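Quick note, the sequences are listed as chains Y and P, same order. So for the first sequence, my numbering puts the first residue at 20; every next one is plus one. So for the second sequence, my numbering puts the first residue at 20; every next one is plus one. All residues carry an ideal CB built from backbone N, CA and C; glycine is no exception. Small disclaimer: the values here were computed from a predicted structure and weren't measured. What follows is one structure encoded as structure tokens, with my remarks underneath.
There are 2 protein chains.
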Amino acid sequence: MATDPYPDTARHAHVVHALGARIVDGSLVPGTPIPIEEQLVNELGVGRSAVREGVKVLAGKGLLETRRSAGTRVRPRESWSLLDADVLSWRFGPDAQPGDIRVLADLRVALEPGAARVAAERADAAAIQRIDEALAALHATADDPDPFIGADLAFHRAVFGAADNDLLLYIYDMISIALRSVRQVHTRSVAHNKETLPNHERVAVAIRRRHHRKAEEAMREVVEVARADALHC
Amino acid sequence: MATDPYPDTARHAHVVHALGARIVDGSLVPGTPIPIEEQLVNELGVGRSAVREGVKVLAGKGLLETRRSAGTRVRPRESWSLLDADVLSWRFGPDAQPGDIRVLADLRVALEPGAARVAAERADAAAIQRIDEALAALHATADDPDPFIGADLAFHRAVFGAADNDLLLYIYDMISIALRSVRQVHTRSVAHNKETLPNHERVAVAIRRRHHRKAEEAMREVVEVARADALHC
DNA sequence: TCATAGACTTTCATCTGATGAAGTTCGGAC
DNA sequence: GTCCGAACTTCATCAGATGAAAGTCTATGA
């Protein structure tokens, strides 16, 4: 059952990861019963408590469903907590599906312009300053593909933070988990990076001026370009 | 420790709910250690296994953190899985904070216009038909405040469904959990309901015609009105 | 042949006790 | 006053026992 990223400690976390990853990547099909507790104990080399705790965690994320005496089965995909950090990292692993890349890119297009708009409505001085700082970092790293990714993520996070909405920020953080894994989506050439700077600048300026329409449009430009890049590769 | 919605069975679920609700409503402050296992066993009237399984589930949702020999403590709010179905239902209970209503209304403004836009880009014939059916149900229940709420939620869900993006749909389903609880956000007068019909209609028509700009604008109108209503009350 | 009641089996649910490991605390030596 | 270590606290995990509920099989009667 693959390698074990949790050597001695955190046995129950090992169970969570081992089963969770196999469910999300499709090895364990929804509706199918998973091996019985005793067999998991043998396969995973942990005690029954650890198995049960792990299974309960996955049930809490909507991936599993236990029924007394009827076994434990994988729940249908509609029940999964798709924006759970673990579920996302299992899904957007090193080799994510092309379809998932599209989902991610579309989600940004659907979400980020609106978030920029609300940010322009709600941003206070401190939030605006954080955006400006993030923008400066963006400019500073434009020649450096690797740090630029982090600066880019930080910029977008600053925008979401300015909207003063914890649910929105949470959504961004989850997107960002996925983005970071499938870094191709964000790994553009230096030329690409420089091209996107003016758009980012326009986002920051528009928010600073509380111009929600312009903030939204500028952000749309940013994420549309990112989507085109992502789908092109 | 409040009443028990889980009488005999599902002991661990009782633990999850009892602790989770108290964490999210602020009774248990982040950073504070919660009672030790033995005490929880006594307070909650369940065995140690049930307590441990429940605590693990909450840890999986980012609400708790256990450290061997150092107790179990409430994690900072930034770590919570804010879009988890349980966390949302604890937060947006019968008496949600006014600030949370604002967060919800803003989130819709940030999200739904963009979702409608992507829906207009991606909708296939079946999705468009589902939207039309939902629109018909909306018209049919306009005089009936209670069924109208359901029809409204169904319409918006159909729009999100048309975007062919499971993450987006998941986000909507979570929003919908919150909306359903704080139904004031959606409980408008019959007059209000009738006023909003043309806007919904415009959303449906724009998506049918693949006109993303109009779909977005119409949806913005819908959620801006809803926000104004929600913040006004 | 077929339907059905009841015994049997499987499998999760829970409790309990025992052992271990890793922080915490506190006293004592210097 | 500072540092070391022993005692203590508290979670981590295993193992065994009991229970409950759902499915399965079988024998019986029509």
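Could you give the residue range of the beta strand (DSSP E) that holds residue i?
{"i": "E97(Y)", "result": "Per DSSP, E97(Y) belongs to no beta strand (DSSP E) and is neither H nor E."}
{"i": "L83(P)", "result": "83-86"}
Which word fits residue i, buried or exposed, when buried means at least 16 other C-beta atoms lie within 10 angstroms of its C-beta?
{"i": "S100(Y)", "result": "buried"}
{"i": "T51(P)", "result": "exposed"}
{"i": "L250(Y)", "result": "exposed"}
{"i": "A37(P)", "result": "buried"}
{"i": "A247(P)", "result": "exposed"}
{"i": "D105(P)", "result": "buried"}
{"i": "G180(P)", "result": "buried"}
{"i": "E72(P)", "result": "buried"}
{"i": "G118(Y)", "result": "exposed"}
{"i": "V222(Y)", "result": "buried"}
{"i": "I55(Y)", "result": "exposed"}
{"i": "R30(Y)", "result": "buried"}
{"i": "D125(Y)", "result": "buried"}
{"i": "A159(P)", "result": "exposed"}
{"i": "A145(P)", "result": "exposed"}
{"i": "V34(P)", "result": "buried"}
Whole angstroms are fine: how far does the CA of residue j sit from the CA of residue i?
{"i": "A40(Y)", "j": "R110(Y)", "result": "8 Å"}
{"i": "I147(Y)", "j": "D44(Y)", "result": "40 Å"}
{"i": "T91(P)", "j": "R96(Y)", "result": "32 Å"}
{"i": "V241(Y)", "j": "V65(P)", "result": "53 Å"}
{"i": "T215(P)", "j": "D143(Y)", "result": "32 Å"}
{"i": "R229(Y)", "j": "A139(Y)", "result": "5 Å"}
{"i": "L157(Y)", "j": "H211(Y)", "result": "13 Å"}
{"i": "S88(Y)", "j": "R239(P)", "result": "50 Å"}
{"i": "A225(P)", "j": "A32(Y)", "result": "47 Å"}
{"i": "I190(P)", "j": "T85(Y)", "result": "25 Å"}
{"i": "K80(Y)", "j": "R227(Y)", "result": "39 Å"}
{"i": "G112(Y)", "j": "I120(Y)", "result": "11 Å"}
{"i": "P217(P)", "j": "A161(P)", "result": "12 Å"}
{"i": "V170(P)", "j": "V209(Y)", "result": "Inspection of the sequence shows that residue 170(P) is occupied by Ala rather than by Val. So the alpha carbons of these two residues sit roughly 49 Å apart."}
{"i": "A173(P)", "j": "L186(Y)", "result": "22 Å"}
{"i": "Q58(P)", "j": "R202(P)", "result": "37 Å"}
{"i": "I168(P)", "j": "L198(P)", "result": "10 Å"}
{"i": "V254(Y)", "j": "R67(Y)", "result": "Residue coverage of chain Y in this structure runs from 20 to 252, which leaves residue 254(Y) outside it and unanswerable."}
{"i": "E236(P)", "j": "D165(Y)", "result": "37 Å"}
{"i": "D11(Y)", "j": "K213(Y)", "result": "Residue 11(Y) cannot be examined here, being either before or after the span of chain Y that is shown, 20 to 252."}
{"i": "A245(Y)", "j": "P132(Y)", "result": "13 Å"}
{"i": "P49(Y)", "j": "S98(Y)", "result": "10 Å"}
{"i": "M193(Y)", "j": "Q116(Y)", "result": "18 Å"}
{"i": "K233(P)", "j": "L188(Y)", "result": "27 Å"}
{"i": "D114(P)", "j": "S46(P)", "result": "15 Å"}
{"i": "Y149(Y)", "j": "I42(Y)", "result": "Contrary to the premise, residue 149(Y) reads as Arg rather than Tyr in this sequence. Each residue's alpha carbon lies about 39 Å from the other."}
{"i": "D151(P)", "j": "I53(Y)", "result": "40 Å"}
{"i": "A78(Y)", "j": "E243(P)", "result": "37 Å"}
Is the beta carbon of residue i less than 8 Å from the beta carbon of residue j?
{"i": "R94(Y)", "j": "L107(Y)", "result": "no"}
{"i": "L154(Y)", "j": "H231(Y)", "result": "no"}
{"i": "R141(P)", "j": "D103(P)", "result": "no"}
{"i": "L130(P)", "j": "L130(Y)", "result": "yes"}
{"i": "A134(P)", "j": "V76(P)", "result": "no"}
{"i": "V137(Y)", "j": "V128(P)", "result": "yes"}
{"i": "S200(P)", "j": "R176(P)", "result": "no"}
{"i": "L63(Y)", "j": "V70(Y)", "result": "yes"}
Where do the ends of the alpha helix (DSSP H) carrying residue i lie?
{"i": "T215(Y)", "result": "209-227"}
{"i": "F111(P)", "result": "From DSSP, F111(P) is part of no alpha helix (DSSP H); its letter is neither H nor E."}
{"i": "A145(P)", "result": "144-159"}
{"i": "A169(P)", "result": "The residue you asked about is not Ala; residue 169(P) is Gly in the sequence shown. First-last of the alpha helix (DSSP H) with G169(P): 164-181."}
{"i": "V60(Y)", "result": "56-63"}
{"i": "D44(Y)", "result": "Where D44(Y) is concerned, there is no enclosing alpha helix (DSSP H), given that its DSSP letter is neither H nor E."}
{"i": "V70(P)", "result": "67-79"}
{"i": "I194(P)", "result": "185-200"}
{"i": "A245(P)", "result": "231-251"}
Contact set between the stretch 164-189 of chain P and chain Y, restricted to residues whose Cβ is under 7 Å from the partner = A182, N184, D185, L186, L187, Y189
The stretch 73-100 of chain Y: which residues have C-beta closer than 7 Å to a C-beta of chain P, in chain order?
-> K75, V76, G79, K80, S100
With 9 Å as the limit, tell me which residues of the stretch 133-149 of chain P have their beta carbon closer than that to any beta carbon of chain Y; keep them in chain order.
-> G133, A134, A135, R136, V137, A138, E140, R141
Within 7 Å of chain P by C-beta, residues of the stretch 231-250 of chain Y in sequence order | none
Pull out every residue of the stretch 107-130 of chain Y whose Cβ sits closer than 7 Å to any Cβ of chain P, in chain order.
-> V122, D125, L126, V128, A129, L130
Taking a cut of 9 Å between CB atoms, which residues from the stretch 55-73 of chain Y lie near chain P?
-> S68, R71, E72, G73
Which residues, in chain order, does the stretch 29-41 of chain Y contribute to contact with chain P at a C-beta distance below 8 Å?
-> H31, V35
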